[in-house]
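Note that the UniProt record's numbering numbers the sequence shown so that position 236 is 236, with each residue one more than the last.
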Amino acid sequence: MNRLLVPTSALMWGLQIAFLSPSLALILATLYGAGTTEIGWVLAIYNASGFLASLVVPAWADRRQEYLGPMLLSGVLTVLLVLLLALVTTLPLVTIVLVVVGGPAGVGVSLLWAHLRHAGARPAQIVNTRAIVSVAWVAGPPLATLIIGWFGPQAILLAIALVALANIGTTMLMIRGHRTALASGTPPAPAHEEDDVSLGTAGIVLVTAAFVLLQATNATAMSFLAVYVPQTMGADVVWAGVALGVAAGLEVPALMIVARLTTRHSSLGLILTSCVAGIAYYLGVAVASGPILLIALQVLNAWCFAGIGGVGLTLFQQMIRRPGLSTGLYMNTRRVGAILSGPLIVLGGATVLGQRATFLACALLTLVGLLIIAVAGRRSSQIVATEPASTR
């Protein structure tokens with residue numbers, strides 16, 4: 001794999017998501033006159049389409065044992081999505097476009113992870129590439145906000161189209177390199193079976209459930225902080241933005257550090273350390289009375305994310321040998337977790353503890369996730385111990 005093309009592709013896919021996701025609600029409101037309820041329904045339907053596409057398209061790529069072609073199609077569909085969003089004028093048509101075109105267009109980054117695994121990339125390489133996507137998320141939303149502020153909401157559609165064209169270009173170059181390698185008699189290296197984590201079906205179900213909980217707590221903490229800081233801490237809301245910015249900035253070095261550790265430590269063990277960091281972070285936020293401690297706690301938040309968002313991806317690829325299906329399943333734990341974040345936020349107004357109850361609940365659910373993963377890790381050790389030596 002070309003060393004420059006893969007990071008470039010990761011950066012472009014990251015920018016595409018970082019431009020579209022934070023801007024879509026504003027686009028629906030300003031260009032199509034959608035109200036709050038309508039925006040909620042459209043986004044829910046769109047996310048349901050993305051959920052299905054994240055499973056169906058990568059699984060289809062698994063059957064073909066080829067991921068770059070579907071990834072190229074995702075880039076083309078993104079350009080088509082932007083074109084249709086610029087042309088249609090009614091909200092029902094926009095909803096249809098988002099479901100039919102937007103869902104499949106959004107799986108490009110999942111296909112990139114699947115391609116890397118299929119091509120023989122080690123977990124450390126995949127986590128390092130994931131760090132590049134985090135770089136895009138640091139720069140993407142502020143840049144999207146500037147574009148909308150200076151040139152209007154339609155300008156962000158043009159920016160997304162330009163990024164999609166860059167994605168198409170890099171993917172075509174990757175396809176050409178892949179074909180050249182095949183023609184020269186050097187097929188891509190297979191995925192490293194020694195990296196596989198044997199959990200069995202029950203273990204996979206347990207880990208998936210644990211990750212839904214971990215993703216839910218992460219999504220809750222991120223989305224609720226802007227409310228929690230002024231209303232419970234009594235600090236200016238700007239401190240919530242500062243805290244999230246510090247966390248985003250620390251994500252990249254945290255991912256790079258954990259990538260190096262994957263060569264010496266098990267994925268399950270590293271994720272357990274991230275769970276411990278997450279528990280400490282949520283408890284710290286629950287008792288924090290000012291912004292200084294909140295900022296300091298972001299080191300723990302970044303390490304928690306590095307395990308869930310970086311090592312978690314490679315763990316699913318190690319548990320399930322089909323790169324597309326494993327990646328799609330992992331990506332959907334985030335979507336389901338985001339749905340569960342709603343009740344966690346509601347909890348903040350339903351108990352005598354107030355909004356602090358939300359973060360205490362996040363700590364409790366992270367502890368539950370930790371225990372589930374610990375049980376799965378023990379199960380993995382038992383399975384390996386009972387395997388005949390010839391099968392290892």
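Positions of the beta carbon are idealized from the N, C-alpha and C atoms, including for glycine.
Any heavy atom of the ligand ZN within a distance shorter than 8 Å of the CB on Tyr228? Questions concerning the ligand ZN fall outside what the structure shown contains, since it holds no ligand whatsoever.
Excluding the 5 residues preceding and the 5 following Ser390 in the sequence, name in chain order all residues of the same chain whose CB lies nearer than 7 Å to its CB. Position 390 of the sequence shown holds residue 390. Confidence at Ser390 is low in this model, with a pLDDT of 44, below 50, so the placement of that residue is unreliable and no value is reported for it.
With a cut-off of 8 Å, do at least 3 Cβ pairs link the segment 218-235 to the segment 282-299? The segment 218-235, when compared against the segment 282-299, does touch it at the 8 Å Cβ threshold.
State yes or no: is the C-beta of Ser54 within less than 9 Å of the C-beta of Gly102? The residue you call residue 54 lines up with position 54 of the sequence shown. The residue you call residue 102 lines up with position 102 of the sequence shown. Taking 9 Å as the Cβ cut-off, Ser54 and Gly102 do not qualify as a contacting pair.
I'd like the list of long-range same chain contacts for Trp113, defined as Cβ closer than 7 Å, with 5 residues on each side in sequence excluded. Locating residue 113 in the sequence shown gives position 113, counting from the first residue. The answer, listed in chain order, is Ile126, Leu313, Thr327.
Helix, strand or coil for Leu297? Go by DSSP, reduced to three states. Working through the sequence shown from its first residue, we reach residue 297 at position 297. If DSSP states are grouped into helix, strand and coil, Leu297 belongs with coil.
Whose CA, out of Val346, Pro22, Arg321, lies closest to the CA of Leu116? Within the sequence shown, residue 116 is the residue found at index 116, counting from 1. Among Val346, Pro22, Arg321, the Cα nearest to that of Leu116 is on Arg321.
With a Cβ-Cβ cutoff of 9 Å, do Met319 and Leu199 count as a contact? Position 319 of the sequence shown, counting from 1, holds the residue named residue 319. Position 199 of the sequence shown, counting from 1, holds the residue named residue 199. Result yes, Cβ atoms of Met319 and Leu199 sit closer than 9 Å.
Can you give the beta carbon distance from Leu272 to Ala374, rounded, assuming they're within the 8 Å contact cut? One-based indexing of the sequence shown puts residue 272 at position 272. One-based indexing of the sequence shown puts residue 374 at position 374. Yes, Leu272 and Ala374 are in contact; Cβ-Cβ is about 6 Å, under 8 Å.
What would DSSP say about Asp62, mapped onto helix, strand or coil? In the sequence shown, the residue the question calls residue 62 occupies position 62. In this structure, Asp62 counts as helix in the three-state DSSP scheme.
Rounded to whole angstroms, what's the CA-CA distance from His178 to Leu80? Just pull it up for me. To locate residue 178, count along the sequence shown from 1; it is residue 178. To locate residue 80, count along the sequence shown from 1; it is residue 80. When rounded, the separation of the alpha-carbon atoms in His178 and Leu80 is 26 Å.
Going by alpha carbons, who is nearest to Ser134 out of Phe151, Arg356, Leu225, Ile17? On the sequence shown, position 134 is the one that residue 134 refers to. Measuring from the Cα of Ser134, the nearest candidate turns out to be Ile17.
Three or more C-beta pairs below 8 Å linking the segment 56-71 and the segment 150-166: Verdict: no, contact absent.
Limits of the unbroken alpha helix (DSSP H) element including Tyr281: Start at 1 with the first residue of the sequence shown, and residue 281 comes out as number 281. 267-287 is the span of the alpha helix (DSSP H), which, as asked, contains Tyr281.
Please state if the CB of Leu11 and the CB of Ile132 are separated by a distance shorter than 9 Å. As a position in the sequence shown, residue 132 is number 132, starting the count at 1. As a position in the sequence shown, residue 11 is number 11, starting the count at 1. With contacts defined as CB atoms closer than 9 Å, Ile132 and Leu11 qualify as a contacting pair.
Gln318 in three-state terms, based on DSSP: Translated into positions along the sequence shown, residue 318 becomes position 318. Gln318 falls in the helix class under three-state DSSP.
Given 8 Å, three or more beta-carbon pairs between the segment 256-273 and the segment 349-363: No, the segment 256-273 does not touch the segment 349-363.
Look at the Cβ atom of Asn218, then the Cβ atom of Cys304, and state whether they are nearer than 9 Å. The sequence position of residue 218 within the sequence shown is 218, counting from 1. The sequence position of residue 304 within the sequence shown is 304, counting from 1. Result yes, Cβ atoms of Asn218 and Cys304 sit closer than 9 Å.
Reference Leu173, options Leu77, Pro7, Ala221, Leu85, closest by Cα: Residue mapping note: residue 173 aligns to position 173 of the sequence shown, counting from 1. It is Pro7.
Taking 6 Å as the limit between beta carbons, can you name the residues of its chain near Leu24, skipping five residues before and five after? For the purposes of this step, residue 24 is identified with residue 24 of the sequence shown, where counting begins at 1. Excluding its 5 nearest sequence neighbours in each direction, Leu24 has no C-beta neighbour in its own chain below 6 Å.
Going along the chain, which residues of its own chain have a beta-carbon closer than 7 Å to the beta-carbon of Val336, five neighbours each way excluded? Position 336 of the sequence shown holds residue 336. Excluding sequence positions up to five before and after Val336, its CB lies within less than 7 Å of the CB of Val212, all in the same chain and listed in chain order.
For Tyr281, which residues from the same chain have a beta carbon less than 7 Å from its beta carbon, with the 5 sequence-adjacent residues on both sides left out? Within the sequence shown, residue 281 is the residue found at index 281, counting from 1. Result list for Tyr281: Leu297, Leu300, Asn301, Cys304, in chain order.
Three or more beta-carbon pairs under 8 Å between the segment 37-45 and the segment 88-96, yes or no? Yes, the segment 37-45 touches the segment 88-96.
Short Cβ contact (9 Å threshold) for residue 450 with Leu360: Absent from the model: residue 450. The displayed extent of the chain is 1 to 392, so no value can be given.
DSSP state of Thr262, grouped into three classes? Along the sequence shown, one-based indexing puts residue 262 at 262. In the three-state reduction of the DSSP assignment, Thr262 falls in the coil class.
Considering only the beta carbon of each residue, do Val100 and Ile45 sit closer than 9 Å? As a working mapping, residue 100 is identified with position 100 in the sequence shown. As a working mapping, residue 45 is identified with position 45 in the sequence shown. Between Val100 and Ile45, the CB-CB gap reaches or exceeds 9 Å.
Suppose you measure from the CA of Leu225 to the CA of Ala139; what does that come to, to the nearest Å? Locating residue 225 in the sequence shown gives position 225, where the first residue counts as 1. Locating residue 139 in the sequence shown gives position 139, where the first residue counts as 1. Rounded to whole angstroms, the separation of the alpha carbons of Ala139 and Leu225 is 20 Å.
Gln355 (DSSP reduced to helix, strand or coil): Position 355 of the sequence shown holds residue 355. DSSP places Gln355 in coil when its eight states are reduced to three.
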